[in-house]
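A.B. asks: Just dropping this structure here.
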Amino acid sequence: MHTPRIRTATPDDLPALRDLERAAGACFRDLGMDAVADDEPPALEVLEGFRRAGRAWVAVDRDDRPRAYCLCAPVDGALHVEQVSVHPAVARRGVGRALLAHAADRARAEGLTALTLTTFTEVPWNAPYYARLGFRTLTAAELTEGLRTLRAEEAAHGLDRWPRVCMRRDLTADPTPVDRAPANG
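Numbers in the working numbering are just positions in the sequence shown, counted from 1, shifted up by 733.
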């Protein structure tokens, strides 16, 4: 994939995001995480809520088709990354990093202090990947009320069958080299 163009998702993109999520989720099957692979993507109404809030972004190919997407919401003074999904056909080409850089730029523009997320610790494209992008694992004492609530919801959904953590990347006014890295780097 070329250097991705990132734009706000449109209503017409939303069904494609569900298909993209299914394709991206299939990779979890290789790790014995069939329940994650089989988990139903967010409903169209949920995706529309993120889109209406201006917090659903897509990385599109030359034909303007979504190949990856990112959903975010403000949580306790940070922009929380609810989901980043990259189609396996364009994985490992910097597309996810480009979406996270876009989210960081949006967070800075809104005066938010960090990006946060929750993720699996033992999935190579989860916690280890985010650590390479400057995220750090939060201790229990560092969890905000909003992050504790999100973790409780994840546990109720059964995601705690596998080790999970909350991670945070503090943002400064100026983008870091990771934020400026080319999408194909």
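Beta carbons are placed, not taken as given, at the ideal position from N, Cα and C, and that holds for glycine.
#1: Determine the burial state of Pro775: buried for a count of at least 16 other Cβ atoms within 10 Å of its Cβ, exposed for fewer.
#2: Could you pull the start and end residues of the beta strand (DSSP E) that His813 belongs to?
#3: Considering Thr882, what are the terminal residues of the alpha helix (DSSP H) in which it resides?
#4: If I measure Cβ to Cβ from Leu880 and keep anything under 6 Å in the same chain, skipping five residues before and after, which residues do I get?
#5: Can you grab the Cα-Cα spacing for the pair Gly758 / Leu850, in whole Å?
#6: Given this structure, state the Cα-to-Cα distance separating Leu848 from Val828, to the nearest angstrom.
#7: Starting from Cys760, follow its DSSP beta bridges and name the residues at the other end.
#8: Any idea if His890 is buried or exposed, counting beta-carbon neighbours within 10 angstroms, 16 or more meaning buried?
#9: Given that a residue counts as buried once 16 or more other Cβ atoms are within 10 Å of its Cβ, and exposed if not, what is Ala842?
#10: Would you mind stating whether Leu845 and Leu883 have Cβ atoms separated by less than 8 Å?
#11: Based on the DSSP secondary-structure assignment, which residues constitute the bridge partners of Trp790?
#12: Would you identify the three-state DSSP class for Val898, choosing helix, strand or coil?
#13: Using DSSP bridges, identify the partner residues of Val808.
#14: So what does DSSP say about Ala831, is it helix, strand or coil?
#15: Pro737: buried (16+ other C-beta within 10 angstroms of its C-beta) or exposed?
#16: For Glu855, count neighbouring C-beta atoms within 10 Å of its own C-beta (all shown protein chains included) and say buried if the count is 16 or more, exposed if not.
#17: Please state whether the Cβ-Cβ distance between Leu833 and Val817 is less than 8 Å.
#18: Short check: CB of Thr741 to CB of Ala789, under 8 Å?
C.D. replies: The structure says:
#1: buried
#2: Its beta strand (DSSP E) spans residues Ala811 to Val819.
#3: Glu878 to Ala889
#4: Cys899
#5: 17 Å
#6: 17 Å
#7: Cys760 is not bridged to any residue.
#8: Looking at its Cβ environment, which holds fewer than 16 other Cβ atoms inside 10 Å, His890 is exposed.
#9: exposed
#10: Remark: C-beta atoms of Leu845 and Leu883 do not approach each other more closely than 8 Å.
#11: Residue pairing from DSSP places Trp790 in a beta bridge opposite Thr741 and Cys803.
#12: strand
#13: Ala811
#14: helix
#15: buried
#16: exposed
#17: yes
#18: yes
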